[in-house]
Amino acid sequence: MSERRGKTTAGPRHRRRRTALTVGIPLALTAAVTTTYGTGLGVFGEGAGQTASAATTATAAAKATTAAAAPAWAADTADGFASVNSLGQNGTYGGRGGQTVTVKTLADLEKYATAEEPYVIVVAAAITMNPVGKEIKVKSDKTIVGQGTSGQIVGGGFFLGTGVHNVIIRNLTIRDSYQGVWNDKDHDFDAVQMDGAHHVWIDHNDLRHMADGLIDVRKDSTNVTVSWNRFSDNNKTFGIGWTENLVTDITIHHNWFRETEQRNPSTDNAAHAHLYNNYLQDDPGTTIKSSYGNYSRGSTKMVLENSYFQGMNNPVTKDATAAVVQRGNTFSGTSGRNESGGTAFDPKSFYGYTLDRTADVPALLTAGTGPRTTIGTATTPSTKAAAATLTVAKDGSGQFTTVQAAVDAVPANNPSRVVISVKPGTYRETVKVPANKPHVTVQGAGASRKDTVVVFNNAAGTAKPGGGTYGTSGSATVAVEADDFQARNLTINNDFDEARNQSLSGHQAVALRTAADQVLLDGIIVDGDQDTLLLDTAAKDRLGRVYVTNSYISGNVDFVFGRATAVIDQSVITLKKRWDGTSAGYITAPSTTADRKGILINRSVVTGDVSAGSFFLGRNWHAGGDATLRPQTTVRNSALSAAVKSTPWSDMGGFSWKNDRFAEYRNTGPGSGAASGDRPQLTDSQATGQEVADWLGTWNPTA
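Per my numbering, the very first residue in the sequence shown carries number 2; after that it's consecutive.
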């Protein structure tokens, strides 16, 4: 339909669990129909909408005892360009969700690294390559990580070929394929080589003394992040390019280059190369002398920030056709070329990041690069350990004046919760919580959820500053891509004015987009018109659970949509008229994969000042015409106003809703109705398998 373009959306399937739910509508919730966006704890009474039930908690705990959990660090995700959604891959998370295996032999390492299915591969010994120089051909969706400091690859490395994606290599020592002659063309043995790969994260490794490159990023490889590594005792250290195409996007941060002669790195024809907080060190009187440091070649666009160069010859060089934008770098005892010029790009237009002080870089990286005794984000040192609470105040009385600035200040891969407390006010901005910043809570500090408002007015057809348009997902006022996110006691709004922008193509205007797992929305208002609340997942094969409670959601066309496994519990859904004053619309547009739960509306109220019989409960969105999807919406134990049609489900995009999963159970109010071919109702037996616990699995949402 003209109102619906290709929307987008999900992970491992959880077992069904059954708990008893209260049948009917809480009295406080029924009263909410006549109340406008309650204050404080909300209109449902103190504690009424806090989280899932005690029964949910108990059954989740019982299940957890029988499931083998992956190590906590296996949930870590990349930052930088490896976190960017492109080429069909939303971020880099490696083998997360796959089986965790421990290997001590070359045969086992190669078996799992070359398998088609995802694996988290823990290397627990020094594994010697046979023959020398062997490079294991790693397949997609792998995490290869050393166990403490014992994981070593000796005399060879890894090769990531064309199309290989979503690979993490962490906490390993890869060393000693050197055959006695530098620039030995007969022994092209690398630690990590990529030819046409994408979404790769190389983190906390010790890479040294190889016959050729420590890392080679070649032949249009892109969406690569290289972080917290130690490079040493090598000649051609880190090469990027070997192509005429301007494709490669790469982030290189917090790496220590010591006693490396050239390619530190050499970056040829990179579309976007972002280098920051690196330490390049050439000690006097050693056998290896640096010929150059960071080199921007061909048509590369490079941004170089807050790096420390000590004793390097030609620390920064560039071709006449290349660009280098330098900011905040320190040069101590360097000589030769130190160049900048041209225009590059703004890295923050692609992802958020936080710079360490340049003066702190040598000590920070000397202590923090390379393999860690205990793998995990908590062991990565930082000069800016996050406070438990960051404060935002528009009037300058807090630590930050915008919500996005506070999000940017959260350290990458923060191991524990950070609360961003936002003082009352209207914050006209867009906010993005990237995938590498989990455990964030954004919480309004006012007495009412109406006191703190985050609002913007982008629509799908709004022109972007750099060209093109935002598209539906890009229009979001607040975009959440980080797991274990919470929002409380505030309003998130998209106030795009359709009436004044009728000439604009694309009126979808998202207020809140989630593309993550374990998202809790408690006591908030999400307000918009078309496509208000996009509940998505990080990728089609990723699980994304969202629990909405004690909240208000308003809109008119498909205003709760996406492929997430989402529960809207004890909340008020307000139907709004269209821009021209007419009453017509759809509440939900799920695009659920066949092996997941979709949208569950439970113990809630559907109301609004619209005409009777004018709104559908939902329609089946087969995103991109994907016939394998099986969209699902269940509405149960809820009060439906007369605005709901007597035939409440609709076809979409040539797909019949009757072939997908739409049902009701024990709803009340003038908009409810008896079972019929056009109005499926769950039996009592079926309803026991469609409860909150079945949606949330082992996750018990808590503060």
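Glycine is no exception: its CB is placed at the ideal position from the N, C-alpha and C atoms.
- Excluding its 5 nearest sequence neighbours in each direction, V102 has C-beta neighbours in its own chain below 8 angstroms: D109, Y113, Y120, V121, I122, V123, listed in chain order.
- Assigned with DSSP and collapsed to three states, Q405 falls in helix.
- Under DSSP, the beta-bridge partners assigned to N91 are N86.
- Separation of L356 and E306 (C-alpha to C-alpha, rounded to the nearest whole angstrom) is 8 angstroms.
- DSSP places W257 within a strand segment (E or B) once states are collapsed to three.
- Here T115 is not near G92, since their CB atoms are 8 angstroms or more apart.
- In this structure, I602 is the residue among A624, S657, I602, W622 with its C-alpha nearest to the C-alpha of W696.
- With a contact defined as Cβ atoms closer than 8 angstroms, T533 and V511 qualify at about 7 angstroms.
- A straight line joining the alpha-carbon of V693 with that of Q487 spans about 18 angstroms.
- In this structure, the alpha-carbon of N167 lies about 13 angstroms from that of A76.
- Considered as a whole, the segment 481 to 526 harbours no complete run of any alpha helix (DSSP H) with no fewer than 4 residues.
- Close CB contacts of F160 within its chain, under the 6 angstroms cut and outside five residues either way in sequence, are with E136, K138, Q194 (chain order).
- Short of 7 angstroms from the beta carbon of T427, and not among the five residues preceding or following it, lie these beta carbons of its own chain, in chain order: V454, V456.
- A198 counts as buried, since no fewer than 16 other beta carbons sit within 10 angstroms of its beta carbon.
- A Cβ-Cβ contact shorter than 8 angstroms links T150 with P372.
- Sequence-distant partners of G462 (beyond 5 residues in either direction) whose C-beta falls short of 6 angstroms from its own C-beta, in its chain, are T470, L505, S506, G507.
- For L697, the enclosing alpha helix (DSSP H) begins and ends at 693 to 697.
- Judged by pairs of C-beta atoms under 8 angstroms, the segment 436 to 446 touches the segment 468 to 484, as three or more such pairs exist.
- Using a Cβ-Cβ distance cut-off of 8 angstroms, the segment 251 to 262 and the segment 397 to 407 are not in contact, since fewer than three pairs of beta carbons, one from each stretch, lie closer than that value.
- A Cβ-Cβ separation of about 6 angstroms places N551 in contact with D523 under the 8 angstroms criterion.
- Boundaries of the alpha helix (DSSP H) around S686: 685 to 688.
- For V411, no beta strand (DSSP E) run applies, since DSSP gives it neither H nor E.
- In the structure shown, W622 falls within a coil segment according to DSSP collapsed to helix, strand and coil.
- Of the residues A212, Q90, D196, the one whose Cα lies closest to the Cα of D221 is D196.
- Approximately 4 angstroms separates the beta-carbon atoms of D80 and A413; this is inside 8 angstroms, confirming the contact.
- Using a Cβ distance threshold of 8 angstroms, F232 and L247 do not count as a contacting pair.
- Following the DSSP letters along the chain, one finds A76 in no beta strand (DSSP E), marked with neither H nor E.
- Every beta strand (DSSP E) of 3 residues or more that sits fully in the segment 93 to 118 is shown, in chain order, as 100 to 104.
- Rounded to the nearest whole angstrom, the CA to CA distance from A274 to S639 is 52 angstroms.
- The residue from T575, T402, P591 with its alpha-carbon nearest to that of F656 is P591.
- Sequence-distant partners of A643 (beyond 5 residues in either direction) whose C-beta falls short of 6 angstroms from its own C-beta, in its chain, are A613, P671, G672.
- The beta-carbon separation of L491 and R450, rounded to 6 angstroms, stays under the 8 angstroms limit for a contact.
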